[in-house]
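Going left to right, the sequence shown walks through residues 1 to 265 as full-length UniProt numbering numbers them.
Backbone N, C-alpha and C fix where the C-beta goes; we use that ideal spot for every residue, glycine too.
First comes the structure, then the notes that go with it.
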Amino acid sequence: MTNADTYRVRMTGISKRYGTMQSLDNVSLTLKPGEVLGLVGDNGAGKSTLSKVLSGAVIPDLGTIEIDGKPVSFTSPADARAAHVEMVYQDLSLCDTVDVAGNLFLGREPKWKLAGIPILDKKTMHERARHMLEGLGIVIPDTHLKVENLSGGQRQSIAIGRAASFNPSVLIMDEPTAALAVAEVEAVLELIRTVSARGVSVILITHRLQDLFLVCDRIQVMYEGQNVAERCIAETNIEEVVNLIVGRKFSARSAGQSIERGASI
Ligand SMILES: Nc1ncnc2c1ncn2[C@@H]1O[C@H](COP(=O)(O)OP(=O)(O)OP(=O)(O)O)[C@@H](O)[C@H]1O
Ligand SMILES: [Mg+2]
1 MTNADTYRVR MTGISKRYGT MQSLDNVSLT LKPGEVLGLV GDNGAGKSTL SKVLSGAVIP
61 DLGTIEIDGK PVSFTSPADA RAAHVEMVYQ DLSLCDTVDV AGNLFLGREP KWKLAGIPIL
121 DKKTMHERAR HMLEGLGIVI PDTHLKVENL SGGQRQSIAI GRAASFNPSV LIMDEPTAAL
181 AVAEVEAVLE LIRTVSARGV SVILITHRLQ DLFLVCDRIQ VMYEGQNVAE RCIAETNIEE
241 VVNLIVGRKF SARSAGQSIE RGASI
């Protein structure tokens, strides 16, 4: 087995331009099986765009992606799903007026046939939904509740539960703990631990830097569409991460202090 084969994901030289905005400029990312990678950077650094390239929602102008050592070319999220890559988007993409079970099974609801006509098998759907949530340690009082009536943390859990139910080997979460209460954040972090312990590779995008130190193995820092640095979590601290995220701005102000760029990537 060559070194490259040990990576679950290997993105190389990814570039994406929107008009005059170079959102991604020759970006790389690697991810090992069961690894939790924290992807951090200031607003507009390119984190969501890079993740969407991996989830098939954005097609890059340049660059290559390998999954388990095999080159892939995603032109839609369905392509990425077929390669076991799932993403929980920043806006969650849930249907508010549909209940919990309906959201979990959206587009693949269990059906039975009456005189050849497919009928929604609600009983099976709710049973499976309860089972699915229990398996992930997600506490939702009733799978018949409409998603619009759930708390932010519960909604986040449903979105993660839905993504996890596609049996992903890569799960990308874009700011899953933004605007959550303390206990809800804990529940999402515990979910990340649960799925990564099962061998799922996770990319966690977050501005809550303290969370990185609770669940991540490694972090990758981006700045204005470029790789800035990469660190094992055990070998860094919150001050250094803050400096890497904002470094260039402050270094510009403090007249020419050099910052690390492109290190170990
Ligand atoms: N569809 C698009 N059309 C035009 N510009 C875009 C598009 N998507 C992203 N961009 C631009 O690309 C840059 C990177 O955006 P991206 O959403 O990836 O940043 P981010 O790191 O996720 O930021 P945040 O932390 O605020 O979510 C931004 O300047 C953004 O305006
Ligand atoms: Mg974003």
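Query raised in the report: Any heavy atom of ligand 1 closer than 6 Å to the CB of A159?
Result: In the sequence shown, the residue the question calls residue 159 occupies position 159. Result no, Cβ not under 6 Å from ligand 1.
Query raised in the report: If we count the other Cβ atoms within 10 Å of its Cβ and call it buried at 16 or more, is T6 buried or exposed?
Result: Position 6 of the sequence shown, counted from the start, is the residue given in the question as residue 6. T6 should be labelled exposed.
Query raised in the report: According to DSSP, which residues form a beta bridge with Y89?
Result: For the purposes of this step, residue 89 is taken as residue 89 along the sequence shown, with counting starting at 1. Paired residue(s): none; Y89 is not in a bridge.
Query raised in the report: Thinking C-alpha only, which one of A83, D79 and I158 is nearest D99?
Result: What you label residue 99 is simply residue 99 of the sequence shown in a count that begins at 1. Checking every option, the nearest Cα to that of D99 belongs to I158.
Query raised in the report: Under three-state DSSP, which class holds E109?
Result: Reading the sequence shown from its first residue, position 109 is the one you call residue 109. The answer is coil: DSSP assigns E109 none of H, G, I, E or B.
Query raised in the report: Does the pairing of the region 72–82 with the region 45–59 give three or more beta-carbon distances under 8 Å?
Result: Yes: at least three Cβ pairs fall under 8 Å.
Requested in this report: Report yes if the C-beta of M21 is less than 6 Å from at least one heavy atom of ligand 1; otherwise report no.
Outcome: If you number the sequence shown from 1, residue 21 lands on position 21. Correct: M21 has its Cβ closer than 6 Å to ligand 1.
Query raised in the report: Just curious, the beta strand (DSSP E) that A101 is in, first and last residue?
Result: For the purposes of this step, residue 101 is taken as residue 101 along the sequence shown, with counting starting at 1. Where A101 is concerned, there is no enclosing beta strand (DSSP E), although the alpha helix (DSSP H) around it starts and stops at V100 to L104.
Query - Any non-hydrogen atom of ligand 1 within 6 Å of Y89 CB - result: As a working mapping, residue 89 is identified with position 89 in the sequence shown. No; taking the cut-off as 6 Å, the Cβ of Y89 has no heavy atom of ligand 1 nearer than that.
**Report entry** Helix, strand or coil at R81 [DSSP, three-state]
**Finding:** Stepping through the sequence shown from its first residue, residue 81 is reached at position 81. Three-state result, R81: helix.
Query raised in the report: From R198 to A129, what distance separates their C-alpha atoms?
Result: By one-based count along the sequence shown, residue 198 stands at place 198. By one-based count along the sequence shown, residue 129 stands at place 129. Spanning the two alpha carbons is a distance of roughly 20 Å.
Query - CA-to-CA distance, K122 to G63, given in whole angstroms - result: Translated into positions along the sequence shown, residue 63 becomes position 63. Translated into positions along the sequence shown, residue 122 becomes position 122. Approximately 44 Å, taken between the alpha carbons.
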